[in-house]
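Last residue of the sequence shown: 132 (UniProt numbering), numbering continuous. Glycine included, each C-beta is placed from N, C-alpha and C at the ideal position. Here is the structure we will look at, set down as structure tokens.
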Amino acid sequence: METRAPAVAELRLAERDTSAALARQFARSTLAAWRTRCSHDDFVLAVSELVTNALLHGHGTPVVRLVNGGDRVRAEVCDDSPLLPVSHRVTPTSGLGLRVVEQISSAWGASRRGRGKVVWCELATLPNGDPA
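Put into structure tokens, the structure is as follows:
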């Protein structure tokens, strides 16, 4: 049986106000190009939340890495801060991003990578039907 390597797409972002919007556009167009059958809106929202957290709490230039694993799609956002995310109490101005990611993804997590970290999430793909 032939095993295919997952498809991977990467985007290096600048530390700008438009970076989250660029990441959303990148995620949406990548899912469309891959013809991925998952909730595109949920995946794009998760990418946006991970990028926003990297811009607010990380250092350096965030990198968005998307992986199509067939039965799931994965979003990874890397930054140069070694500090792993910590769940905080949700307030009117903070703490909601990772809660949203947790609610809409099949799995999520964070680990140190090099001098920084990667925060990731996965969404299961749908076996039949058109992309959501």
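Contact annotation, aspartate 71 with threonine 36: C-beta distance approximately 11 Å; criterion of less than 8 Å not satisfied. Rounded to the nearest angstrom, the gap between the Cα atoms of glycine 114 and threonine 30 is 26 Å. The alpha carbon of histidine 88 has as its nearest neighbour, out of Val100, Ser19, Leu55, Ala21, the alpha carbon of Val100.
Residue range 40-57 is occupied by the alpha helix (DSSP H) that includes glutamate 49. Under the three-state reduction of DSSP output, valine 86 falls in the coil class, being neither helix nor strand. Distance from leucine 98 to serine 39 at the Cβ level is roughly 18 Å; contact not present, criterion being Cβ atoms closer than 8 Å. Serine 48 and arginine 112 have their C-alpha atoms roughly 20 Å apart. Glutamate 122: member of the beta strand (DSSP E) spanning 116-124, first to last residue. Glycine 116 sits away from serine 94, with the two beta carbons spaced by 7 Å or more.
Glutamate 76 is bridged by DSSP to Arg65, Trp120. For serine 111, the enclosing beta strand (DSSP E) has its first and last residue at 107-113. Secondary structure of glutamate 102 (DSSP, three-state): helix.
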